[in-house]
Structure formats: structure tokens, C-alpha cells
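Shown next, in C-alpha cells, is the structure this report addresses.
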Amino acid sequence: MKLACWMTMLSLGLGAVTTATAADGDPKLITQAASAAPASISAKATIMDGGKILRKGSNGWTCMPHTMPGDNAPMCNDAVWSKLMAAVASKADFHTDTIGISYMLQGDIGAGLSNSSPYHPDPKNADDYTETGPHLMIAVPKGLLKGITDDPSNGGPWVMWKDTPYAHIMVPVSSAD
31 MKLACWMTML SLGLGAVTTA TAADGDPKLI TQAASAAPAS ISAKATIMDG GKILRKGSNG
91 WTCMPHTMPG DNAPMCNDAV WSKLMAAVAS KADFHTDTIG ISYMLQGDIG AGLSNSSPYH
151 PDPKNADDYT ETGPHLMIAV PKGLLKGITD DPSNGGPWVM WKDTPYAHIM VPVSSAD
């Protein structure tokens with residue numbers, strides 16, 4: 031069930047979009063979404079929730095107040111990372127020749143996933159279930175992942191979803207500052 035909610039959220043965040051003026055946007059949701067990234071990014075980012083634009087941005091970044099309905103795991107994505115999320119949501123192939131970045135400076139506690147697959151039917155009961163505090167995620171060309179561990183308990187960066195087209199580097203950070 032959690033996977034279905036997560037996939038729905040991704041597709042709503044990246045699929046059909048309705049527009050609303052900034053005055054129509056929920057200030058609490060805008061603040062929560064903006065907390066995902068440094069203010070230098072989130073201040074000019076588009077803020078979306080469930081396919082609805084709460085605030086139009088100007089810097090190419092998109093922030094969302096949660097990754098699943100009801101969680102407090104906001105994320106802020108550049109264009110490459112948004113394409114990766116759209117590919118995951120539609121189970122499409124993904125590859126990149128450039129770097130993509132996503133911030134989750136509030137962490138993903140409560141919204142964790144299987145470290146090996148975005149499609150695990152019961153991720154909280156997966157042998158490799160992982161929740162992460164504040165972190166950023168980096169999508170890179172596959173060849174650049176060689177030599178990076180896929181062990182989230184190693185105390186540093188690791189590769190999540192290693193054997194999928196959605197493999198990316200998870201980089202723990204100490205705080206949202």
C-alpha cells in the first residue's frame with residue numbers, strides 16, 4: 031500500500047499540473063516544502079503539492095511538502111532529479127549524462143524505502159529498509175557509481191537502488207543549515 035501511495039504522489043507531483051496563485055497556496059505547505067533545501071534554492075523554487083502549483087518559481091527547482099500524503103519528508107528537485115522521479119513513478123527507463131540533485135534536509139523519517147528497489151511491496155518490512163536523516167541525493171551517469179558502497183550504515187555516502195535504472199548517491203548531512 032505504501033508503494034502505491036508513494037507512486038501516486040510522485041505522479042501527482044510531476045504529472046497533470048493545475049495552477050494556483052501564490053495567494054492560493056497554503057503557507058504551511060509552502061514553508062514545509064521550502065524546508066527541504068537551502069533558502070538560496072527554495073526561495074525561488076516552484077512549490078507543488080499533489081499536482082497543484084502553490085507558488086511559481088523562477089530557478090528550475092521544484093519543492094514538495096512531502097513525498098507521500100501525510101508525511102513530513104519534503105524534497106526539492108532539480109530538473110534531472112524530477113525526470114528520475116517521473117521515470118520511477120511510471121516504471122520507465124532512466125539514464126542521465128549529467129548530474130541531478132535532490133535535497134531532503136528534513137530527512138525521510140517515516141517515508142523510508144527499500145534500499146534495493148523503489149517497488150518493494152512492503153518496504154517497511156524489507157530486509158534493507160532504510161530511513162535517512164537530512165540528506166541530499168545525487169543522480170549521476172551509472173559509470174560514476176563504481177566503487178561506492180550500497181551500505182547505508184557505512185557512515186558516509188552510499189548508492190541506493192544500485193541495480194536499477196534509478197540508482198543514485200545518498201549523501202547524509204548533519205543539519206538543514
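Each residue of the sequence shown is one higher than the one before, counting from 31 in the numbering used here. Think of the CB as a built atom: it goes at the ideal place given N, C-alpha and C, for glycine as much as any other residue.
query = Tell me which same chain residues have a C-beta within less than 7 Å of the C-beta of I178, skipping the five on either side of it?
reply = Contacts found: P187, W188, V189 and I199.
query = Using the beta-carbon count (16 or more within 10 Å), is A53 buried or exposed?
reply = Note that A53 scores 45 on pLDDT, short of 50, meaning its location in the model is unreliable; the coordinates nonetheless yield the value given after this. Its Cβ having fewer than 16 others within 10 Å, A53 is exposed.
query = With respect to the beta strand (DSSP E) encompassing T92, which residues constitute its N-terminal and C-terminal limits?
reply = For T92, the enclosing beta strand (DSSP E) stretches over residues T92 to M94.
inquiry  = Am I right that S132 and M105 are in contact with their C-beta atoms under 8 Å? What's the rounded C-beta distance?
reply    = Yes, they are in contact, since the Cβ atoms of S132 and M105 sit about 6 Å apart, within 8 Å.
ask   = Does DSSP classify T128 as helix, strand or coil?
value = If DSSP states are grouped into helix, strand and coil, T128 belongs with coil.
request  = Report the three-state DSSP secondary structure of L135 (helix, strand or coil).
outcome  = Three-state result, L135: coil.
inquiry  = For a test of the three-state rule: what should DSSP assign to W111, helix, strand or coil?
reply    = Note: W111 maps to helix in three-state DSSP.
task = Can you tell me which of the three DSSP states T61 falls into?
result = The answer is helix: DSSP assigns T61 an H, G or I state.
From G137, S146 and M167, residue whose alpha carbon lies closest to that of D157 = Distance check between D157 and each of G137, S146 and M167 places S146 closest, using alpha-carbon atoms only.
task = Please report how far the alpha carbon of G81 lies from the alpha carbon of S120, in whole angstroms.
result = Cα to Cα, the separation comes out at about 15 Å.
inquiry  = Between L84 and G55, how many whole angstroms is the CB-CB distance? I'm expecting something under 8 Å.
reply    = About 3 Å; that satisfies the 8 Å criterion.
Reduced DSSP category for V201 - H, G, I as helix; E, B as strand; rest coil = DSSP places V201 in strand when its eight states are reduced to three.
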